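Just below is one structure, and these are the notes that go with it.
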Amino acid sequence: MQQGKQRAYEELRLEKSPTGIRGFDEITQGGLPRGRTALVTGGPGTGKTMLAMEFLVKGATEFGEPGVFVSFEETQDELIANSASLGFSLPDLCDSNRMYMDYVRVERSEIEETGEYDLEGLFVRLSHAINTVGAKRLVLDTIETLFSGLSNASILRAELRRLFRWLKDKGMTTIVTGERGANSLTREGLEEYVSDCVILLDHRVTEQVSTRRLRVVKYRGTEHGTNEYPFLISERGFMVLPITSMKLDYAAAEERISSGIPRLDAMLGGKGFYRGSLVLVSGTAGTGKTSTAAAFADAACRRGERCMYFAFEESAQQVIRNMRSIGLDLSRWVKKGLLKIVGQRPTVHGLEHHLMTLQFMIDDYDPAAVVVDPVTNLTQVGTITDVRATLARLVDHLKGRKVTILFTSLTPGSADAEMTDVGISSLADTWLKLQNLESGGERNRAITILKSRGMAHSNQVREFLLTGEGIDLVDVYVGPEGVLTGSARVSREADEKAREAALRLEIDRLEADRRKRRALLEEQIARLRSEFEGEEKELEGRIHLETLKMETMFQKRKEMGISRKADT
Numbered sequence: 001m002q003q004g005k006q007r008a009y010e011e012l013r014l015e016k017s018p019t020g021i022r023g024f025d026e027i028t029q030g031g032l033p034r035g036r037t038a039l040v041t042g043g044p045g046t047g048k049t050m051l052a053m054e055f056l057v058k059g060a061t062e063f064g065e066p067g068v069f070v071s072f073e074e075t076q077d078e079l080i081a082n083s084a085s086l087g088f089s090l091p092d093l094c095d096s097n098r099m100y101m102d103y104v105r106v107e108r109s110e111i112e113e114t115g116e117y118d119l120e121g122l123f124v125r126l127s128h129a130i131n132t133v134g135a136k137r138l139v140l141d142t143i144e145t146l147f148s149g150l151s152n153a154s155i156l157r158a159e160l161r162r163l164f165r166w167l168k169d170k171g172m173t174t175i176v177t178g179e180r181g182a183n184s185l186t187r188e189g190l191e192e193y194v195s196d197c198v199i200l201l202d203h204r205v206t207e208q209v210s211t212r213r214l215r216v217v218k219y220r221g222t223e224h225g226t227n228e229y230p231f232l233i234s235e236r237g238f239m240v241l242p243i244t245s246m247k248l249d250y251a252a253a254e255e256r257i258s259s260g261i262p263r264l265d266a267m268l269g270g271k272g273f274y275r276g277s278l279v280l281v282s283g284t285a286g287t288g289k290t291s292t293a294a295a296f297a298d299a300a301c302r303r304g305e306r307c308m309y310f311a312f313e314e315s316a317q318q319v320i321r322n323m324r325s326i327g328l329d330l331s332r333w334v335k336k337g338l339l340k341i342v343g344q345r346p347t348v349h350g351l352e353h354h355l356m357t358l359q360f361m362i363d364d365y366d367p368a369a370v371v372v373d374p375v376t377n378l379t380q381v382g383t384i385t386d387v388r389a390t391l392a393r394l395v396d397h398l399k400g401r402k403v404t405i406l407f408t409s410l411t412p413g414s415a416d417a418e419m420t421d422v423g424i425s426s427l428a429d430t431w432l433k434l435q436n437l438e439s440g441g442e443r444n445r446a447i448t449i450l451k452s453r454g455m456a457h458s459n460q461v462r463e464f465l466l467t468g469e470g471i472d473l474v475d476v477y478v479g480p481e482g483v484l485t486g487s488a489r490v491s492r493e494a495d496e497k498a499r500e501a502a503l504r505l506e507i508d509r510l511e512a513d514r515r516k517r518r519a520l521l522e523e524q525i526a527r528l529r530s531e532f533e534g535e536e537k538e539l540e541g542r543i544h545l546e547t548l549k550m551e552t553m554f555q556k557r558k559e560m561g562i563s564r565k566a567d568t
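Letter 223 of the sequence shown, counting from 1, is numbered 223 in the numbering used here, and no numbers are missing.
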C-alpha cells in the first residue's frame, strides 16, 4: 500500500528539464519545469539572453533536446558573434539540425494596422521551426518587443496567453525573457500569465564593484532555493554560485600530513594536519603567516603532491624570492609543475568572479593542497557576510575533493587576536594563532594552537623563529617575570646554563673528593688486612702449639693411670 502511494507520488511530481547551467540546476533542484514556460526577467545587461542561449545549447549538446531561439532584438549574426565569446558554436548546431534560430523584426513604422490583428504569423513560424529540428526547447527573446511594435496591448496580451497555452500543449520547455519594470517584474506584466517559474536577474554596483545576482522569485509545484545567488558570465558560460545550498556530506579522512614544520607536527600529536581539513593561520602583520603557508606548500610538494597558492598581496616571483630567506626554494617545485602560484589583487574582479575563477583553476590543476593568502583581502570587494558565505562555498567545494586547505587571515593590531575579520574561525578544523610578544625593547614571534578538531594537541606557547635554515619552534621561558622570548629568553637561558655549569663543577668536585676518600679508606683497609693476616698466622701457630701441649698432657695422664691400675 505504501509503495503504491510512493509510486503515485513520484508520478505526480513536477518533471523538470535540466538546464546544464552550473549551479542553477542545484538551486532549482533539477532545472526548469518541463513542458512549461519560465520567465527570465531583469534589467539591461543582466545576462537574460546568455542564460537562455546556454539553456538551448546545453539541451542540444548534453541532453539530446534540440531547441529553437526566436529573437525580436538581435539578428542571427549578432547572436552567433555574442555567443562565440562563451565558447558556443551556433552555426555547427544549426547545421546539424540541433538548433534553429529565427529573427522576427517588429517595427511599428512598417506595420499597417487595419482592424484587429493576431499573432498567427508568429504561430506559423514557430511551428515550422519546431518541426524542422524536432525541438523540445524554445526561447523567445525579448517578447516584450511586440508591445512596442504593436499598439493594441489588450489584444496582444490575449494572443500571448494563447501562445503560451499552445506551447504548453506542444510540450515545449520555454524561456521567455523580459525587461524589468520600475515597480513590477516586467514592464508589461508578463509575470501575470507566465506563472510556472519566474527568474529574476540583477546587476548591481556597490562601492564601485559590480555583482550579478539571481533569484528564483516563483516556482510552482516544487521546492527551490529562495535566496539571492551570485552568478558569473565568462568564457565558460553562465554559472550560478549556490552559496547557501551546499550540504555537509563530504567524507572525513583519517590520514595525517605534515605541516612542513617538524616541531609544529609534534605539537599536533606528532602527525600534523588531517588530510582534507581546513587550517586557519591568523595573526597581525609580520608574524609569519605567509612563511607558515609556504612551509605547508613546500611539504606538499616534497610528498609529490600538487599545491595551488593564491597570493592576494604579492606576485608569484616576490613570494619565491622572499621564501629563499628562510631556506625554502619554491622555484624548483614551480619548474616541476608541482606548485602553481597565482598572484592577483582582489579588486581586479568582484567576489563571485574570484570564487568561480578559483574553482575553475582548482578543477583544472587538480591540486592536493590549496593556500589562500590572505582571505581577509576579499573584504575589499564584498561585505563580511558575502565573504564568509563565499569562503564557506569554497571550503565545501575543496573538502568535497579531499583537498587540504590553508587560509591565512590578517588580524588588525587593535583587534582581539582570537577573532578573524571574516568570521571563518568556526569553519576551521585547525586554528593556529601567530602573534608578536613585546618585551625588553624588542618584538618576538610566538605560535599557539587554539584548536585542532579530532586530535590531541599541545596547549603551550612556542617561540616562532624564522631562520636561514627554515622555521623553528623553541620553548619559551616562563618565570617570575612572565613569558620571556628573544634576547630575554637567550639571556635567561645563558644564566641557567652558567648556573648549570657551576653546579656540574661542584658535582664533579664532590665526586672527586668521594673517590679520594674511598681510595684512602680502601688503602687503610688493605694495610689493616695485611697486618691482620700476619698476626693471624702467628696466632694460628701458637693455637696449634698449645693444642699439642694439651693433647700431650692428656696422653701422659692416661698412661700414668694405666700403670697404677686405675679405673680410668
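Ideal Cβ placement from N, Cα and C applies to all residues, glycine included.
Just so you know, these numbers come straight off a predicted model, no measurement behind them.
Whole-Å CB distance - residue i paired with residue j, under 8 Å assumed
| i | j | result |
| --- | --- | --- |
| residue 200 | residue 49 | With a Cβ gap of about 15 Å, residue 200 and residue 49 do not count as contacting. |
| residue 203 | residue 46 | 5 Å |
| residue 138 | residue 67 | 7 Å |
| residue 28 | residue 219 | 7 Å |
| residue 87 | residue 235 | 6 Å |
| residue 146 | residue 72 | 7 Å |
| residue 471 | residue 295 | 6 Å |
| residue 170 | residue 130 | 7 Å |
Under 8 Å between C-beta atoms of residue i and residue j
| i | j | result |
| --- | --- | --- |
| residue 79 | residue 238 | no |
| residue 177 | residue 211 | no |
| residue 447 | residue 434 | yes |
| residue 290 | residue 174 | no |
| residue 351 | residue 381 | yes |
| residue 287 | residue 445 | yes |
| residue 35 | residue 172 | yes |
| residue 229 | residue 241 | yes |
| residue 133 | residue 102 | no |
| residue 425 | residue 268 | no |
| residue 63 | residue 21 | no |
| residue 403 | residue 370 | yes |
| residue 427 | residue 395 | yes |
| residue 90 | residue 96 | no |
Residue i classed as buried or exposed, judged by whether at least 16 other C-beta atoms fall within 10 angstroms
| i | result |
| --- | --- |
| residue 341 | buried |
| residue 115 | With a pLDDT of only 44 at residue 115, under 50, the local geometry of the prediction cannot be trusted, and no value is derived from it. |
| residue 537 | exposed |
| residue 521 | exposed |
| residue 397 | buried |
| residue 205 | exposed |
| residue 386 | buried |
| residue 388 | buried |
| residue 544 | exposed |
| residue 19 | buried |
| residue 495 | exposed |
| residue 390 | buried |
| residue 65 | buried |
| residue 13 | exposed |
| residue 345 | exposed |
| residue 270 | exposed |
| residue 505 | exposed |
| residue 563 | exposed |
| residue 356 | buried |
| residue 399 | buried |
| residue 550 | exposed |
| residue 33 | buried |
| residue 121 | exposed |
| residue 468 | exposed |
| residue 353 | buried |
| residue 557 | exposed |
| residue 272 | buried |
| residue 112 | Here residue 112 scores only 47 on pLDDT, less than 50, and its place in the model should not be relied on; the value that follows carries that caveat. Counting Cβ neighbours within 10 Å, residue 112 comes out exposed, since fewer than 16 surround it. |
Inter-stretch contact at 8 Å, needing at least 3 Cβ pairs: the region 275-284 / the region 405-413:
yes
I'd like to know if the region 307-322 and the region 271-278 are in contact, where contact means that at least 3 CB-CB pairs between them fall below 8 Å.
no
With contact counted as at least three CB pairs below 8 Å, one residue from each stretch, are the region 447-462 and the region 259-274 in contact?
yes
Evaluate contact between the region 288-304 and the region 252-261, counting only Cβ atoms and requiring at least three cross-stretch pairs below 8 Å.
yes
Any contact of the region 324-334 with the region 360-368, i.e. 3+ C-beta pairs under 8 Å?
no
3-residue-minimum beta strand (DSSP E) runs that sit fully inside the region 290-327, ordered along the chain:
307-311
Length-filtered (4 minimum) alpha helix (DSSP H) runs lying within the region 46-73
48-62
Segments assigned alpha helix (DSSP H), at least 4 residues, entirely inside the region 352-407
384-400
Only counting runs of 3 or more residues, tell me where the beta strand (DSSP E) segments fall wholly within the region 505-544, in order along the chain.
none
Any beta strand (DSSP E) of 3 or more consecutive residues that is wholly inside the region 237-279:
237-240
What are the complete alpha helix (DSSP H) segments, minimum 4 residues, inside the region 17-46?
24-27
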